Structure formats: C-alpha cells, structure tokens
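These notes are about the structure you will find just below.
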Amino acid sequence: MRIYLDDNKKELASIICNKCKKEIKVENGIVKEGCFCGDTQFGYFSNKDGMKYFFDLCEECYDKMITEFAVPVETEEVKELL
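When you read off a place in the sequence shown, starting at 1, and then add 29, the result is the number in the numbering used here.
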C-alpha cells in the first residue's frame, strides 16, 4: 500500500507491505529497500472484469510467495540498476 503526500500521487511518503504490514523504507520519495509492486488489470473472461489491483510486498513476503509457485519464476541478472 502506497501513501502519498499529495493528491496527485507524485510525492511518495511511505509503503506498507500488504501481506505483513511491514513499513518499507522510503527516503525523500525514493524506495530504499526491496519491494515488489503488483499492478494488474483484469479484462474480459475473468471474474474480475474491469477491476484494477495494486499491492506492494516487502522482499521477505515476496520470497515466501514465490516459493509456493509450481513453476519457478524466471530470473535474469541486470547489469545496470536504475
């Protein structure tokens, strides 16, 4: 869950993990630790037609979630971090 300082959602104040409620470190609007940001919109042929979902997970909750996958996530090393 993201909390913003302004109504335009431009200035990020804090992030709370939607699963465990841990506060993820944010300084001056910059996320300072691992955070998974889920953002998806369901379309036709689902039970959630037209619904958009947003959530954030701390790195620990993300790690726990992916260990339950029947097919492992794909990974790739990134040379430059943005």
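Built from N, CA and C at the ideal position, the CB exists for glycine as well.
These numbers come from a predicted model, not from an experiment.
Note to self: Please state the DSSP three-state secondary structure of residue 92.
What the structure shows: For the purposes of this step, residue 92 is identified with residue 63 of the sequence shown, where counting begins at 1. Here residue 92 sits in helix by DSSP.
Notebook entry, point to check: Once you ignore the five residues that flank residue 87 on each side, which residues in its own chain have a CB closer than 6 Å to its CB?
Noted result: Sequence index remark: in the sequence shown, residue 87 carries index 58 (1-based). Within the same chain, residue 87 has close Cβ partners 46, 51, 53.
Check: Thinking just about the alpha-carbon of each residue, which of 102, 84, 57 is nearest to the one in residue 92?
Finding: Your numbering for residue 92 matches position 63 in the sequence shown. Looking at the Cα atoms, 102 is the closest of the given residues.
Next item on the list: Mind the definition here: the stretch 53-66 touches the stretch 74-87 only if three or more C-beta pairs lie below 8 Å; say whether that holds.
Entry: yes
Check: Does the beta-carbon of residue 44 have 16 or more other beta-carbons within 10 angstroms, so that it is buried, or is it exposed?
Finding: For the purposes of this step, residue 44 is taken as the residue at position 15 of the sequence shown. Buried, because 16 or more other Cβ atoms sit within 10 Å of the Cβ of residue 44.
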